[in-house]
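Peer 1: Can you read through this structure? Questions will come right after.
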DNA sequence: TAAGTCACG
DNA sequence: GACGTACGTGACTTAT
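Encoded structure:
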C-alpha cells in the first residue's frame with residue numbers, strides 16, 4: 008500500500024526576509040551581495056536534509072510573491088502600503104534566490120496578481136481534496152487559516168510544527184475562525200484596518216461567543232459594553248472589507264498541476280556549479296556530503312602568501328551581537344575557523360570560561376570576552392561591557408558542532424573540555440600541536456610559543472605580559488579587555504598560520520596517517536577520560552599520611568643518632584658528607600659534573616648490604632617520605648571539590664616515542680612495586696555499586712620486538728603461551744624450564760628488558776649486580792641464540808643515522824637528535840634510544856588504537872555506563888557497574904587484543920589480562 | 001632554575 | 001685510551 012502523498016509548500020518570501028534579517032551582509036568576490044542567498048540556501052538545504060531524515064515529502068514547491076500589486080490593492084489601496092521598499096542590497100538577491108531553488112531541483116512558483124499565500128492556499132486545497140497530507144513551511148500567521156486535519160504548518164527556524172492546537176494558542180479560535188478574528192483585530196504590519204480598539208483577545212472572545220463574523224455584526228447591538236458596541240456598529244464595513252483582505256484565495260489559476268511538484272533529486276552538477284558561483288564553501292561541503300555520501304571535513308589549505316605579518320595584524324574585541332553574527336556568517340562561508348579559549352585556570356575541571364578568540368584568515372582575529380570581571384572587587388575597575396556568556400555560547404554552539412566546519416586549535420583537548428563542560432561537543436577538529444608532533448617529535452617541543460618562533464619567526468605576547476608574574480599574577484578574568492584582546496586574538500591568529508604551514512606537510516612527509524588515525528581521534532577520548540576522573544578514598548589516604556609521618560619521625564631520630572650530629576636526611580649533599588666524610592665509608596663516588604657524593608638507592612643498598620645500618624634507615628626514610636609527599640599528602644589536595652574525584656591531564660605530545668604522559672597529578676606512576684606503596688593504590692576505588700576493571704597487555708614490548716626483529720623462537724614461544732623469561736633463561740643459560748631457579752629466571756628477565764632498552768654490558772651488570780664480563784657473556788649468548796636481534800639493532804641504527812629518525816610499525820616518526828651529536832657518548836645514547844623507540848612507540852600506537860575504538864565498542868555492546876578512566880602505557884582502567892563487569896571484560900579484551908589490526912597483521916598474538924575489584928590494587 | 005632522587009611502564 | 005652508559009616519563013626536595 009502506497010503511503011499518503013505529502014506536499015510541502017515553502018513560503019519563499021518569508022524565508023527570504025528571515026534569511027536577510029538573521030544574517031549580516033556578505034558579498035561574493037565580485038561584489039554581489041549574497042547574504043540572504045546564503046541564508047536562504049542553507050535554510051532550504053537544512054530543510055531538505057531534515058525532511059530526508061524524517062517525513063519524506065512526495066511533493067515540494069517554494070512559493071514566492073510576484074509583485075506588490077494584487078487584487079487586494081484594488082479592494083483597499085492602503086493594503087501593505089506602509090511597507091518600506093526592500094533594502095537596496097536585498098533587491099538583486101531575489102532572482103539569485105529563485106535560481107537557488109531551481110538549482111536544488113525544486114519548483115519555484117509565483118503568479119502576477121496573487122500573493123504567495125494565495126498560491127499556497129490553492130495548492131493546499133487541491134492536495135487536501137485529493138487526500139494528501141500538506142505541510143506549509145512558514146511561520147506567517149496569515150497562513151494559519153489553512154490548517155486542518157490534513158494541513159499543518161512548520162516553523163523551520165524554531166523547528167516547531169503548528170497544528171490546530173498551535174493555531175488556537177495564537178488566535179484563541181480554531182483555524183476555521185481565524186479569518187473572522189483577523190477581520191476584527193486587523194494587522195498593522197499588512198495595514199489591514201480591522202475594528203479599532205479590538206485586539207486578538209477581544210476578537211477571539213467575540214467570535215467564540217457569536218459563532219462567526221456575520222452573526223456578530225448582525226447582533227452587534229446586543230453587546231453590553233457600550234464602547235465596544237458602538238465601534239463594532241460603526242466599523243462593520245471595515246471588518247467585512249478586512250475579511251476580503253485577509254481571506255486567502257484558494258482557487259488561483261496556478262500554472263502547475265500537483266504532479267509537477269513531485270520531488271526529484273537535484274542534478275549535482277548544476278547545483279554545485281551554482282554554489283561555486285556564490286562561493287559558498289561550507290555549503291558545498293555539506294551538499295557533497297548529502298548527495299554523494301562524501302565528506303571532506305578538511306578543506307584544502309589556501310596558500311596565504313600575501314598574509315600580513317603578525318605585527319601588522321588587526322585584532323578586534325567583540326562586544327555586540329551583530330559583530331558576532333558577522334563572524335559566524337564568515338565562518339560558515341569559510342568552512343573553517345581557528346578557536347582558542349581563555350579561562351581562569353590551567354586545570355580544565357576548575358577553569359571558568361573568560362573569553363573566546365576566533366580567526367579565519369591570517370592577520371585577522373577577534374576576541375569575545377564573556378567573563379571579565381575587572382579587578383574583581385569593583386574598587387578600581389568595573390566589570391567591562393561584554394556579551395552575555397550564555398548568548399554567545401548559544402550562537403557559537405551550532406558552528407562548533409557543525410560537521411562541515413573545521414575547528415582548528417593548538418592543544419584543542421583543553422578547549423574541547425572547556426566547551427564540553429558548557430554542553431558543546433566541538434567537532435571536527437585539527438590540532439597544530441599534534442601536527443607538529445606527528446611531523447617532528449623528538450626535535451623540539453610543540454607548545455605554541457615555540458612553534459611560533461620556529462615557523463613564523465615571531466615571539467607571541469607572553470602570558471606573563473598580560474597577567475603578571477609571581478605573587479602579583481592575576482587570573483585572566485582580571486585582565487583588561489585591551490590587553491586580553493591583543494593576547495588572545497594573537498594566539499588564534501598564530502595558530503591559524505601554523506595550521507596553514509603544518510597541514511600540507513602531513514601528506515608530503517608521510518605522517519598524515521599517524522595524525523589522522525593515532526593523534527586526532529584520541530583527543531575527544533582523552534578529554535572524556537580526564538573529565539570522568541577517578542574516585543579515591545580520602546580518609547584512607549589521610550590515615551596513611553599519619554602512618555607514614557610516624558615512621559618518618561622515628562627513622563629520622565634513629566638516623567640522627569647514628570650520624571652523631573644533626574643533619575637534614577632529605578639533603579643528598581649533607582647525607583653524602585655524613586656517609587663518606589664523617590663516617591669515612593668507602594665505595595662513594597663524586598659526580599663528575601657537580602662533585603657531589605652520589606647517594607642514590609643503588610649506592611645506599613650496596614652500603615646496607617655491607618652491614619651499615621644508617622644507609623638502610625635512610626632508604627626506609629626515603630621510601631616513606633616519597634610516598635607521603637608525592638602521594639598521600641598531595642592526592643588529597645587533588646580531589647576536585649565538585650566531582651569528588653581526581654582528574655589527571657594527559658599530554659599527547661610530550662614524549663619522543665608516542666607514549667602519553669600524565670600530570671597534575673601524574674596517575675601513571677602510582678606505587679605498586681612495594682607493599683607500602685600498594686596501600687596507596689588501594690585508595691583508588693570504584694564508585695558505589697561499581698567495580699574497577701584493569702586490563703593490561705602482557706609483555707607487549709617483547710612481543711612487538713619478536714614481530715619487528717622477526718625472531719622465530721620468540722614468536723613461537725608467544726604463540727604457545729610459554730613463560731617468555733623462563734624460555735630466554737633456558738636458551739641463554741641452557742637450564743630446563745621445568746623447575747627453574749627463580750634467580751635464573753630473574754636474570755633472564757633483566758636481559759629481556761635490557762634488549763628492549765638497547766643493551767650494554769655495563770648496564771646489565773649494574774642492574775644484576777654482576778661482573779661486567781659476565782654480563783657481556785650473557786649478551787653474547789643471547790645474540791647467538793637469537794641472531795635476528797643483532798641484525799635488527801644494526802639495521803635500525805644504520806637507518807636512523809641516515810634519516811635522523813626511526814619509525815613505528817604504524818608509521819610514527821621518532822626523531823633522535825642525539826644520533827648526530829658530535830659527542831660520542833651522546834651518540835651512543837642516541838643509538839640506544841633508536842633501538843628502543845620503535846618498540847616502545849609501536850606499543851604506544853597499539854594502545855592508542857584500542858583507546859580510540861573503545862568508547863564506540865562499549866556503546867555498540869550496550870555498555871554505555873562503562874567508563875574508561877585511565878591509561879598507564881600498557882594498561883587501561885575502567886569503572887563499571889557491578890552488573891556490567893562480566894559483559895564488559897570480553898569487549899575490552901577483544902578491542903585491545905585486536906588493536907593492531909587491520910593496519911598491521913602481527914605475527915605474535917597480543918594477550919590482555921583483565922581483572923576487577925573494589926580498588927585498583929585488587930583489579931590487578 | 002638545576003640537580004638529585006624515586007615513583008611508574 | 002678514557003669516558004660514562006640500559007628506554008620513556010613527572011613530582012618533590014634541596015641548593016643555588
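Numbering (the working numbering), first residue to last: 8 to 931. The beta-carbon is built from N, C-alpha and C at its ideal position, and this holds for glycine as well. All values derive from a computational prediction rather than experimental measurement.
Measuring CB atoms only, is the stretch 726-741 touching the stretch 757-774, in the sense that at least three cross pairs come out at less than 8 Å?
Peer 2: Yes: the two stretches touch, three or more of their Cβ pairs being nearer than 8 Å.
Peer 1: Can the beta-carbon of residue 142 be found closer than 8 Å to that of residue 159?
Peer 2: Yes, the pair counts as a contact, with Cβ atoms nearer than the cut-off.
Peer 1: Between the Cα of residue 807 and the Cα atoms of 794, 824, 792, 247, which residue gives the shortest distance?
Peer 2: Looking at the Cα atoms, 824 is the closest of the given residues.
Peer 1: Buried or exposed for residue 343, please, with buried defined as at least 16 other CB atoms from any protein chain shown within 10 angstroms of its CB.
Peer 2: Its Cβ being crowded by 16 or more others within 10 Å, residue 343 is buried.
Peer 1: Tell me, please, whether the stretch 352-369 touches the stretch 421-441 by the rule of three or more beta-carbon pairs shorter than 8 Å.
Peer 2: Segments in contact, yes.
Peer 1: Alpha carbons only, please: which of 234, 262, 210 is nearest the one belonging to residue 223?
Peer 2: Here the closest residue by C-alpha is 210.
Peer 1: Using a Cβ-Cβ cut-off of 7 Å (strictly less than) and excluding sequence neighbours within five positions of residue 88, which residues of its own chain qualify?
Peer 2: Correct list, in chain order: 198.
Peer 1: Could you give the residue range of the alpha helix (DSSP H) that holds residue 526?
Peer 2: Run containing residue 526: none; DSSP gives neither H nor E here.
Peer 1: Should residue 800 go down as buried or exposed, given a rule of 16 or more other Cβ atoms within 10 Å for buried?
Peer 2: With 16 or more other Cβ atoms within 10 Å, it is buried.
Peer 1: For residue 912, count neighbouring C-beta atoms within 10 Å of its own C-beta (all shown protein chains included) and say buried if the count is 16 or more, exposed if not.
Peer 2: Exposed.
Peer 1: Report the partner residues of residue 324 according to the DSSP bridge assignment.
Peer 2: DSSP output for residue 324 lists 374 as bridge partner(s).
Peer 1: Helix, strand or coil for residue 468? Go by DSSP, reduced to three states.
Peer 2: Coil.
Peer 1: Compare the Cα-Cα distances from residue 766 to each of 507, 660, 783, 624 and report the closest residue.
Peer 2: Minimum Cα distance to residue 766 is reached at 783.
Peer 1: Tell me whether residue 533 sits in a helix, a strand or coil according to DSSP, three-state version.
Peer 2: Looking at residue 533 - three-state DSSP - the assignment turns out to be helix.
Peer 1: Specify whether the stretch 374-384 and the stretch 669-684 touch according to this definition: at least 3 beta carbon pairs, one from each stretch, less than 8 Å apart.
Peer 2: Touching, no.
Peer 1: Can you list, in chain order, the residues of its chain with a C-beta nearer than 6 Å to that of residue 671? Leave out the 5 residues immediately preceding and following it.
Peer 2: Within the same chain, residue 671 has close Cβ partners 656.
Peer 1: At which residues does the beta strand (DSSP E) containing residue 876 begin and terminate?
Peer 2: That run of the beta strand (DSSP E) goes 874-878.
Peer 1: Drop a sphere of 10 angstroms on the beta-carbon of residue 696, count the other beta-carbons inside from all chains shown, and report buried for 16 or more, exposed for fewer.
Peer 2: Classification for residue 696: exposed.
Peer 1: How do the stretch 593-600 and the stretch 641-650 stand: do at least 3 beta-carbon pairs fall below 8 Å, yes or no?
Peer 2: They do not touch, by the three-pair rule.
Peer 1: Work out the CA separation of residue 638 and residue 632 for me, nearest whole Å.
Peer 2: C-alpha separation (whole angstroms): 10 Å.
Peer 1: Rounded to whole angstroms, what is the Cα-Cα separation between residue 308 and residue 503?
Peer 2: Only weak support is given to the placement of residue 308: the predicted model assigns it a pLDDT of 45, under 50, and the question is left unresolved by the model.
Peer 1: Pair every Cβ in the stretch 855-872 with every Cβ in the stretch 881-894, then say whether three or more of these pairs are closer than 8 Å.
Peer 2: Cβ pair count under 8 Å is three or more, so yes.
Peer 1: Starting from the Cα of residue 453, find the closest Cα among 417, 605, 476, 22 and give me that residue.
Peer 2: For the residues 417, 605, 476, 22, the minimum Cα distance to residue 453 belongs to 417.
Peer 1: How close, in whole Å, do the beta carbons of residue 396 and residue 377 come, if the pair is a contact with beta carbons under 8 Å?
Peer 2: 4 Å between Cβ atoms; contact.
Peer 1: Helix, strand or coil for residue 658 per DSSP?
Peer 2: Looking at residue 658 - three-state DSSP - the assignment turns out to be strand.
Peer 1: Alpha helix (DSSP H) containing residue 511: first to last residue?
Peer 2: Residues 488-515.
Peer 1: Do you know how far the Cα of residue 725 is from the Cα of residue 898?
Peer 2: Cα to Cα, the separation comes out at about 22 Å.
Peer 1: Can at least three beta-carbon pairs, one atom from the stretch 544-559 and one from the stretch 839-847, be found at a separation below 8 Å?
Peer 2: Judged by Cβ distances under 8 Å, the stretch 544-559 makes no contact with the stretch 839-847, as fewer than three pairs qualify.
Peer 1: Out of 389, 375, 781, which one is the CA nearest neighbour of residue 402?
Peer 2: Measuring from the Cα of residue 402, the nearest candidate turns out to be 375.
Peer 1: Suppose the cutoff is 7 Å on Cβ atoms and the five residues either side in sequence are ignored; what does the same chain contact list for residue 277 look like?
Peer 2: 110.
Peer 1: Could you tell me which of 131, 30, 155, 117 sits nearest to residue 97, measuring between CA atoms?
Peer 2: Among 131, 30, 155, 117, the Cα nearest to that of residue 97 is on 30.
Peer 1: Which runs of the beta strand (DSSP E) spanning at least 3 residues fall entirely within the stretch 64-91, listed in chain order?
Peer 2: As far as the stretch 64-91 is concerned, its whole beta strand (DSSP E) runs of at least 3 residues are 66-70.
Peer 1: Using C-beta distances below 8 Å, list every residue in its chain close to residue 288, excluding the 5 sequence neighbours before and after it, in chain order.
Peer 2: Excluding residues within five positions, the ones whose Cβ falls inside 8 Å are 306, 340, 341, 342.
Peer 1: Run through the stretch 549-626 for me and flag every whole alpha helix (DSSP H) of 4 or more residues, listed as ranges in chain order.
Peer 2: DSSP runs (the alpha helix (DSSP H)) wholly in the stretch 549-626: 579-584, 608-616.
Peer 1: Can you find the residues in the same chain that come closer than 7 Å, C-beta to C-beta, to residue 575, ignoring five residues on each side of it along the sequence?
Peer 2: These residues qualify, in order along the chain: 581.
Peer 1: So residue 252 is in the alpha helix (DSSP H); what residue range does that whole segment cover?
Peer 2: 243-253 is the span of the alpha helix (DSSP H), which, as asked, contains residue 252.
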